[in-house]
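Colleague: Take the sequence shown: its position 38, counting from 1, is numbered 37 in numbering that gives the first Met the number 0, and each next residue is one higher. Positions of the beta carbon are idealized from the N, C-alpha and C atoms, including for glycine. Nothing here was measured: the structure is a model prediction, and the numbers come from that model. Structure provided below as structure tokens; questions to follow.
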Amino acid sequence: MTDEFVLDTPTVRAFVVRVQTTIADASSPQEACEAIRPGFAELLADAHWLPAEYREPAPESGMGGGIGQWLLYRTGDGSLSLFSLVVPAGAETPIHDHLAWGLVGLYRGTQDEEVYVPRDGALELVERRSLRAGDFYALIPPRDDIHRVRTTSAETSVSIHLLTNDTGCVWRHAFDPESGEARPFRSGYVNVACADELD
Ligand SMILES: [Fe+2]
């Protein structure tokens, strides 16, 4: 299993090397996220590194709503992935979890985010936040792991995710907004298959 640079550019390679070194040296996810922040902010501020094809929605996507999840990089062992999530104007993700820590930030457009916490078998909405391009946050489960995002801009929103699993290929959960009931959920990626889909 080897690392997969789907978007193989000096910018992505330099970012990944920096992240890998940081994670290896950090004593906790909190410390790693803190140390990765400057490099992640640079990526969000750089208008040129992400080609147009990774900013496109995907009509047949696993997320629904035309939402495209494009893999940019992942490790062979499933311990890290970098991907863009493209949400058309007015579309929203299901309420979902990630099951891994990392950083999520907005690259283009604006989004509203709703954060939920499971409580007494139901989901409680605990936070609403609005994100603009350049805004980002650390996601360290169980805190902030369950959310839903909706694009509020007229243009398609593009967010960049750096998470410590192969997020598109792991089985995680989507939640019913009314009952809070969880169902198995795998979003997949638009542009690459998951290992067991190739068998
Ligand atoms: Fe998410």
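Just to confirm, does His172 get its C-beta within under 7 Å of one of the non-hydrogen atoms of ligand 1?
Modeller: Outside the cutoff, so no.
Colleague: Excluding the five sequence neighbours on either side, which residues of its own chain have a C-beta within less than 6 Å of the C-beta of Pro183, listed in chain order?
Modeller: Excluding sequence neighbours, Pro183 sits near Trp170.
Colleague: Should Ser156 and Val103 be called a contact, given that it needs their Cβ atoms to be closer than 8 Å?
Modeller: Result no, Cβ atoms of Ser156 and Val103 do not sit closer than 8 Å.
Colleague: Near ligand 1, which residues have their beta-carbon closer than 6 Å to a heavy atom?
Modeller: Counting every residue whose Cβ lies closer than 6 Å to a heavy atom of ligand 1, we get His95, His97 and His146.
Colleague: Take every Cβ of the region 139-149, pair it with every Cβ of the region 112-122, and state whether three or more of those distances are shorter than 8 Å.
Modeller: Flag = yes, the region 139-149 and the region 112-122 touch.
Colleague: Please confirm if the region 27-40 is in contact with the region 51-62, defined as three or more CB-CB distances below 8 Å between the two stretches.
Modeller: They do not touch, by the three-pair rule.
Colleague: Which residues bound the beta strand (DSSP E) around Ala137?
Modeller: Taken as a continuous stretch (DSSP letters only), the beta strand (DSSP E) holding Ala137 covers Phe135 to Leu138.
Colleague: Within a Cβ cutoff of 7 Å, which residues of the same chain sit near Ile159, ignoring the five residues on either side of it in sequence?
Modeller: The answer, listed in chain order, is Leu42, Leu43, Ser83, Gly104 and Tyr106.
Colleague: So, do the region 116-136 and the region 174-191 have three or more beta carbon pairs nearer to each other than 8 Å?
Modeller: Touching, yes, given that three or more Cβ pairs across the two stretches are closer than 8 Å.
Colleague: Under the DSSP definition of a beta bridge, which residues are partnered with Arg17?
Modeller: Its beta-bridge partners do not exist; DSSP assigns none.
Colleague: Going by the beta-carbon positions, is the gap between His97 and Leu162 smaller than 8 Å?
Modeller: The answer is yes: Cβ separation under 8 Å.
Colleague: Applying the criterion that 16 or more other CB atoms from any shown protein chain within 10 Å of the CB defines a buried residue, is Glu172 buried or exposed?
Modeller: Residue identity check: residue 172 is His in the sequence provided, not Glu. The residue in question, His172, is buried, as its Cβ has 16 or more Cβ neighbours within 10 Å.
Colleague: Output the boundary residues of the alpha helix (DSSP H) element that contains Glu30.
Modeller: That run of the alpha helix (DSSP H) goes Pro28 to Ala44.
Colleague: Mind checking who Glu113 pairs with in its DSSP beta bridge?
Modeller: Arg127 and Arg147, per the DSSP bridge assignment.
Colleague: So, are the CB atoms of Ser78 and Thr109 less than 8 Å apart?
Modeller: No, they are not a contact pair.
Colleague: I'd like the span of the beta strand (DSSP E) that includes Ser80, first residue to last.
Modeller: Its beta strand (DSSP E) spans residues Ser80 to Val86.
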